[in-house]
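Since the structure comes first, as structure tokens, the remarks are kept for the end.
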Amino acid sequence: MPLAVNVSAYLKQRARWSPLEIAFWIFAFATIWLFPGKYLIMKDTAILALFALSLDLILGYAGILSLGQAAFFGIAGYFSGLVAKYGIINEPVVALILGGLVAAALGFVTSFLVLRGSDLTRLMVTLGVSLMLYEVANRYSDITGGADGLQGVTVAPIFGLFRFDLYGHNGYVYCLIVLFVCFVIVRRIVYSPFGLSLRAVKGNALRAAAVGIPVKWRLVAIYTIAAGFAGIAGALLTQTTAFCSLDVFSLDRSADLLLVLIIGGTGYLYGGLIGAVIYRFLQDWISTLTPQYWQFWIGLVLVAIVLVGRDRIGAANEAVRNTIYRLCTRLMPRTAALRGAAPDGT
Amino acid sequence: MAILETIGLEKRFGGIVAAHDVSLAVEKGARHALIGPNGAGKTTVINLLTGVLKPTAGRIMLDGRDITALDPHQRVRLGMARTFQINQLFLDLTPLETIGLAVSERLGSGGDWWRLVGSKTAVTDEIVEIVERFRLADVMHERTAILPYGKQRLLEIALAFACRPHVLLLDEPAAGVPEAERHELLATIAALPAEVTVLLIEHDMDLVFSFADRISVLVNGSLFVDGAPEDVARDPRVKAVYLGEEADA
Amino acid sequence: MLTILFDGLAYGMLLFVLACGLSVTLGLMNFINLAHGAFAMAGGYCTVIVVNRLGVPFALGLPIAFLVTAIIGGLFERTLYVHVYAKPHLDQVLFTIGLVFMAVAASDYVMGSSQQFVQIPEALQGQFNVFGIGMGKYRLLIIVICGLLTIALQLMLTKTRFGSRLRAAVDDQRVARGLGINVGAVFAVTFAFGSGLAGLGGALGAEILGLDPTFPLKYMIYFLIVVTVGGTSSITGPFLASILLGIGDVAGKYYVPKLGAFVIYAIMIVVLLWRPQGLFARSTAR
Chain A
2 MPLAVNVSAY
12 LKQRARWSPL
22 EIAFWIFAFA
32 TIWLFPGKYL
42 IMKDTAILAL
52 FALSLDLILG
62 YAGILSLGQA
72 AFFGIAGYFS
82 GLVAKYGIIN
92 EPVVALILGG
102 LVAAALGFVT
112 SFLVLRGSDL
122 TRLMVTLGVS
132 LMLYEVANRY
142 SDITGGADGL
152 QGVTVAPIFG
162 LFRFDLYGHN
172 GYVYCLIVLF
182 VCFVIVRRIV
192 YSPFGLSLRA
202 VKGNALRAAA
212 VGIPVKWRLV
222 AIYTIAAGFA
232 GIAGALLTQT
242 TAFCSLDVFS
252 LDRSADLLLV
262 LIIGGTGYLY
272 GGLIGAVIYR
282 FLQDWISTLT
292 PQYWQFWIGL
302 VLVAIVLVGR
312 DRIGAANEAV
322 RNTIYRLCTR
332 LMPRTAALRG
342 AAPDGT
Chain G
81 MAILETIGLE
91 KRFGGIVAAH
101 DVSLAVEKGA
111 RHALIGPNGA
121 GKTTVINLLT
131 GVLKPTAGRI
141 MLDGRDITAL
151 DPHQRVRLGM
161 ARTFQINQLF
171 LDLTPLETIG
181 LAVSERLGSG
191 GDWWRLVGSK
201 TAVTDEIVEI
211 VERFRLADVM
221 HERTAILPYG
231 KQRLLEIALA
241 FACRPHVLLL
251 DEPAAGVPEA
261 ERHELLATIA
271 ALPAEVTVLL
281 IEHDMDLVFS
291 FADRISVLVN
301 GSLFVDGAPE
311 DVARDPRVKA
321 VYLGEEADA
Chain D
3 MLTILFDGLA
13 YGMLLFVLAC
23 GLSVTLGLMN
33 FINLAHGAFA
43 MAGGYCTVIV
53 VNRLGVPFAL
63 GLPIAFLVTA
73 IIGGLFERTL
83 YVHVYAKPHL
93 DQVLFTIGLV
103 FMAVAASDYV
113 MGSSQQFVQI
123 PEALQGQFNV
133 FGIGMGKYRL
143 LIIVICGLLT
153 IALQLMLTKT
163 RFGSRLRAAV
173 DDQRVARGLG
183 INVGAVFAVT
193 FAFGSGLAGL
203 GGALGAEILG
213 LDPTFPLKYM
223 IYFLIVVTVG
233 GTSSITGPFL
243 ASILLGIGDV
253 AGKYYVPKLG
263 AFVIYAIMIV
273 VLLWRPQGLF
283 ARSTAR
């Protein structure tokens, strides 16, 4: 049937990397050579971007409201710090992956908590879990270093070859590569039947169950996966700074993350990345103005965003994206003819 | 042989009895209609059958198997699907994606996370077949939210059909559909395969009497009358129950 | 052990006064106000300024804290909150977190980051020793004041016309409006009153809970526990939840000091799993 072939081609074509995406990543990797003095801030941004991507998975694609992603970020952060400090695992990449798995395990165990109840209950429970971990880390300060943080962490060179240097060059490249690999995996998930079923669950959970989707298990799965990625981000932070402290579990971190996603937009993968870049530079700029009362301005931004209207910002965001997209398709009409709607419905 | 059977089904909400001692038997291949005045509990019965509500008492048998304790999605896997009185669709997805979900789940690849949507030909072939059968081909790439109501209603039924159910529960399929689009809808319902058993809830008596080969009447949560259409139409008690409605209609 | 009970009771009743405004706001307006703790903090600082620096007697300092915070609450409600009522929960959370951040930073700037203490009059310092139980005089005062407030609140809700309007509006806003109840005015007054109570609680509690700019963040989780465990459909629910929480926290910190607060969070999670609508909420939830 010609229509079937057409449909199949159409669906697969949608998942192809658009020229805009390719340009984005080329530029991202080019920053290694373009901005040699800014490795530290760019590394922070890359980590934040991965962290935000993990929240986008559950918030933007599955519709779970969570204030507790920091729990997974932090647990992997401490894990990778501790295994490096006590020489249990000497290869950073292995520690990274294991850290992600530890975080994913915590995600799996706590996922059952977010299945029941209202938005408020979910907020409470997710926040509660990360505050609990904060308390635990605080009480067992003989292991975790408590409020002073984990001291004496020395991270071995990656693959025995690439040492973490003072300028942060290797650290940045490491983070960027990890971010890209994780992104590719997430992208694959989002364009898969599993990813589509998540959007269905978010849109109408009742109907999703009525067409045979095991809603509970899909949510558990994505929550676990997202926790794993948040953990990888946390482990990256510890490994590249050789330090880990209690604030990895704080409300501040989860709130900042929500802010990043709101600036960047949810549900289209690049929201976390773009939001992280804007947020980090915003933070840098404001910190030079008022180093001490940074929190005040963040609060003001949050209030302003809500009053202006998240949907208006989202719409403005989409408008900007559509304009850029239309500009590009005009420049490259052949690829435009084959592409259809993106998974976010634009 | 009854493919769908309820035995003494009861549902209480606090002090309110929404369904009481409902014992219904739907024969295989039947076109069975469930009618009754507003608030009689018809949608409650559908919700109990599909697992959205858990009964306070009684059992539900599907093809001889006790499904009372099963979750909604498990019942779908066993071959029971439903439509909703008020469209329950995925507004941000396209009809293609929507039907694709149901087909994908049924063929067991709904949970695949490493494969791209559209890469399994068996799935796409079936999606296209259903899209064409329900006359949705011209709108299959549009966002569901912007489709006209009649098309949405067709999609609602197509989605249930995509689950390839043995038993299809239709909750007021003609509700709210404008006159112009009714014909297409009714033709589609009439064209459903003979081996699919259909349980239909409807207020539209023309549709009921032209479609059904058996009618059950539900009043105040209890089964009132159950029999062939001619018998039900002649029954004086049914007329009495509906007299108030006819005066308003 | 009985001293712990006594201390826990005082702590619990204080938590109740602090949190009941939040409970009513959530039940009434379905609005998640994470900035509630900031109002408590404002009340505390207000009393510090008025009593410590202006020399006003302590007995007056408390009602002043209530009034000032109620006025601030009312102003904020009419100018800011009213725009956010209809927005989804995520927006409300972001909005109120933003307010908290602003309040915390502003307090740090104005009042400094160290803990502040209210000068309690001589008469309230020290303790009574009754049947071997050491009852701190200040804590006794807290129990008395909070107890009276609770009874007054319960009476107001059940016996006054405003109370019935409030309960109607909580039960079903649309119907209440249809009956001619000015729901907007009920919101404004309730929010102001709830904030005022928070302020009073903050002033009373400065001694026990510790008043510094991080107060709203530290105690927000406690208020939220009270509200989610106690439910929003009555006064008794949050009341019982607060007492439980107060005694549980004090006992936990005494008997299991390594994991004191951990116990609270664990209990909260267990309760929410078992009854997502709260321990004491009606079974027919919204």
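Residue numbers (the numbering used here), protein chains in the order written: chain A, 2 to 347; chain G, 81 to 329; chain D, 3 to 288. We treat Cβ as the ideally placed atom computed from N, Cα and C, and that holds for glycine.
Problem set entry | Chain-order list of residues whose beta-carbon lies under 8 Å from that of G:T124 (same chain, five-residue window excluded) | As a first step, residue 124 of chain G must be located in the second sequence, where it is residue number 44. Counting only Cβ-Cβ distances below 8 Å, and skipping sequence neighbours, we find K91, A98, A99, L133, G301.
Exercise. To which residues of the same chain is A:I264 closer than 7 Å at the C-beta, ignoring the five residues directly before and after it?
Worked result: Taking the first residue of the first sequence as position 1, residue 264 of chain A is located at position 263. These residues qualify, in order along the chain: G276, I279, Y280.
Exercise. Looking only at its own chain, which residues have a Cβ that is under 8 Å from the Cβ of G:D293, when we skip the five neighbours before and after it?
Worked result: Taking the first residue of the second sequence as position 1, residue 293 of chain G is located at position 213. Excluding residues within five positions, the ones whose Cβ falls inside 8 Å are A110, R111, H112, A308, P309.
Exercise. When DSSP labels each residue in this structure, what does D:K255 get in the three-state scheme?
Worked result: Taking the third sequence and counting its residues from 1, one reaches residue 255 of chain D at position 253. Of the three classes helix, strand and coil, the one that applies to D:K255 here is helix, per DSSP.
Exercise. For the segment 275-295 of chain A, which residues have a CB atom closer than 7 Å to at least one CB atom of chain D, in sequence order?
Worked result: So the close ones are Y294.
Exercise. On the premise that A:Q296 lies in contact with D:F103, defined as a C-beta separation below 8 Å, what is that separation, rounded to the nearest angstrom?
Worked result: The sequence position of residue 103 of chain D within the third sequence is 101, counting from 1. The sequence position of residue 296 of chain A within the first sequence is 295, counting from 1. That belief holds up - the Cβ atoms of D:F103 and A:Q296 are roughly 5 Å apart, short of 8 Å.
For this session: Pick out whichever of A:G100, A:L35, A:F163, A:Y11 has its Cα sitting closest to the Cα of G:E177.
Result: On the second sequence, residue 177 of chain G is found 97 positions in, with the first residue counted as 1. When each option's Cα is compared against that of G:E177, the closest is A:Y11.
For this session: Enumerate in chain order the residues of its own chain whose CB-to-CB distance from G:L265 is below 8 Å, with the five nearest sequence positions on each side excluded.
Result: Locating residue 265 of chain G in the second sequence gives position 185, where the first residue counts as 1. Contacts found: G230, R233, L234, I237, P253, A254, V257.
Problem set entry | Residue interval of the beta strand (DSSP E) (run including D:M3) | The sequence position of residue 3 of chain D within the third sequence is 1, counting from 1. For D:M3, there is no enclosing beta strand (DSSP E), as DSSP gives it neither H nor E.
Problem set entry | Under 7 Å by beta carbon: chain D residues contacting A:F297 | Reading the first sequence from its first residue, position 296 is the one you call residue 297 of chain A. Ordered by position in chain D, the residues that pass the 7 Å Cβ test against A:F297 are F103, M104, A107, A108.
For this session: Report the option in D:M3, D:A12, D:L4 whose CA atom is closest to the CA atom of D:G248.
Result: Within the third sequence, residue 248 of chain D is the residue found at index 246, counting from 1. With distances taken between Cα atoms, D:G248 lies closest to D:A12.
Exercise. Can you give the beta carbon distance from A:A50 to A:L180, rounded, assuming they're within the 8 Å contact cut?
Worked result: For this step, residue 50 of chain A is matched to residue 49 along the first sequence. For this step, residue 180 of chain A is matched to residue 179 along the first sequence. The pair is a contact, with the Cβ atoms about 6 Å apart (cut-off 8 Å).
For this session: Label A:A105 either buried or exposed according to how many other C-beta atoms from any shown protein chain fall within 10 Å of its C-beta, with 16 as the threshold for buried.
Result: Numbered from its first residue, the first sequence carries residue 105 of chain A at position 104. Counting the other Cβ atoms within 10 Å of the Cβ of A:A105 gives 16 or more, which makes it buried.
Exercise. Which residues bound the beta strand (DSSP E) around G:E85?
Worked result: As a working mapping, residue 85 of chain G is identified with position 5 in the second sequence. The continuous beta strand (DSSP E) containing G:E85 extends over residues 82-93.
Problem set entry | Residues of the segment 205-235 of chain D whose Cβ lies closer than 9 Å to any Cβ of chain A, in chain order | From the segment 205-235 of chain D, only L219, M222, I223, L226, I227, V229, T230 have a Cβ closer than 9 Å to chain A.
Exercise. Okay, do the segment 207-227 of chain A and the segment 83-90 of chain A touch, 3+ Cβ pairs below 8 Å being the bar?
Worked result: Result no; under three Cβ-Cβ pairs closer than 8 Å.
Problem set entry | Whole-angstrom distance between G:L169 and A:N7, CA atom to CA atom | Within the first sequence, the letter at position 6 stands for residue 7 of chain A. Within the second sequence, the letter at position 89 stands for residue 169 of chain G. When rounded, the distance between both Cα atoms is 25 Å.
Problem set entry | Listed by chain order, chain G residues near A:S193 by CB distance under 8 Å | As a first step, residue 193 of chain A is located in the first sequence; it is residue number 192 there, counting from the start. Those within 8 Å of A:S193 in chain G are D192, W193, W194, R195, L196, V197.
Exercise. Given 8 Å as the limit, is there contact between the segment 159-173 of chain A and the segment 240-247 of chain A, that is, 3 or more CB pairs closer than that?
Worked result: Yes, the segment 159-173 of chain A touches the segment 240-247 of chain A.
Problem set entry | Residue environment, D:A72, which counts as buried when at least 16 other CB atoms sit within 10 Å | Position 70 of the third sequence holds residue 72 of chain D. Under this definition D:A72 is a buried residue.
Exercise. Going along chain G in order, which residues have a C-beta closer than 9 Å to the C-beta of A:G196?
Worked result: Within the first sequence, numbered from 1, the residue matching residue 196 of chain A stands at position 195. Under the 9 Å cutoff, chain G gives W193, V197.
For this session: State yes or no: is the beta carbon of A:S19 nearer than 8 Å to at least one beta carbon in chain G?
Result: Residue 19 of chain A sits at position 18 when you count from the first residue of the first sequence. For A:S19, the answer is no, since every Cβ of chain G falls outside 8 Å of its Cβ.
Exercise. When the Cα of D:Q94 is compared with those of A:Y326, A:I42, A:V309, A:L332, which residue comes out closest?
Worked result: Within the third sequence, numbered from 1, the residue matching residue 94 of chain D stands at position 92. If we check each option's Cα against that of D:Q94, A:V309 comes out closest.
Exercise. What residues in the segment 158-176 of chain G have a beta carbon less than 8 Å from any beta carbon of chain A?
Worked result: For the segment 158-176 of chain G, the residues whose beta carbon sits under 8 Å from a beta carbon of chain A are, in order, A161, R162, F164, Q168, L169, F170, L171, D172, L173, T174, L176.
For this session: Report yes or no: is there a C-beta of chain A within less than 8 Å of the C-beta of D:Y267?
Result: The residue you call residue 267 of chain D lines up with position 265 of the third sequence. Chain A, which has a Cβ nearer than 8 Å to the Cβ of D:Y267, makes this yes.
Exercise. How would you list, in chain order, the residues of chain G whose beta-carbon sits under 9 Å from the beta-carbon of A:N323?
Worked result: One-based indexing of the first sequence puts residue 323 of chain A at position 322. Per Cβ cutoff of 9 Å: no residues; A:N323 is ~15 Å from chain G at best.
Problem set entry | Nearest residue (CA-CA) to D:L226, options A:T330, A:P37, A:M125 | For the purposes of this step, residue 226 of chain D is taken as the residue at position 224 of the third sequence. Ranking A:T330, A:P37, A:M125 by Cα distance to D:L226 puts A:M125 first.
For this session: Can you grab the Cα-Cα spacing for the pair D:G114 / D:G250, in whole Å?
Result: Within the third sequence, the letter at position 112 stands for residue 114 of chain D. Within the third sequence, the letter at position 248 stands for residue 250 of chain D. Rounded to whole angstroms, D:G114 and D:G250 show a C-alpha spacing of 32 Å.
For this session: Under 6 Å Cβ to Cβ from G:A225, same chain only, skipping five residues before and after it: list those, please.
Result: By 1-based counting over the second sequence, the position of residue 225 of chain G is 145. Cβ neighbours of G:A225 within its own chain (closer than 6 Å, five residues either side excluded): L171.
Exercise. Does the segment 54-64 of chain A come close enough to the segment 126-141 of chain A to have 3 or more Cβ pairs within less than 8 Å?
Worked result: No, the segment 54-64 of chain A is not in contact with the segment 126-141 of chain A.
Problem set entry | Helix, strand or coil at D:C48 according to DSSP, with G and I counted as helix | By 1-based counting over the third sequence, the position of residue 48 of chain D is 46. Correct three-state label for D:C48: helix.
Problem set entry | the segment 200-216 of chain G contacting the segment 142-151 of chain G, beta-carbon criterion three pairs below 8 Å | By the C-beta criterion, the segment 200-216 of chain G is judged not to be in contact with the segment 142-151 of chain G, since fewer than 3 inter-stretch pairs fall below 8 Å.
For this session: Tell me whether D:D214 is buried or exposed, calling it buried when 16 or more other Cβ atoms sit within 10 Å of its Cβ.
Result: In the third sequence, residue 214 of chain D corresponds to position 212, counting from 1. That one is buried.
Problem set entry | Local conformation of A:S142 per DSSP, three classes | For the purposes of this step, residue 142 of chain A is taken as residue 141 along the first sequence, with counting starting at 1. Three-state result, A:S142: helix.
Exercise. With 8 Å set as the bound, which would you pick, yes or no: does the beta-carbon of G:A113 sit closer than that to a beta-carbon of chain A?
Worked result: Position 33 of the second sequence, counted from the start, is the residue given in the question as residue 113 of chain G. No, its Cβ sits nowhere closer than 8 Å to a Cβ of chain A.
Exercise. So, is the C-beta of A:D45 closer than 8 Å to a C-beta in chain B?
Worked result: In the displayed structure, chain B is absent; the protein chains listed are A, G and D.
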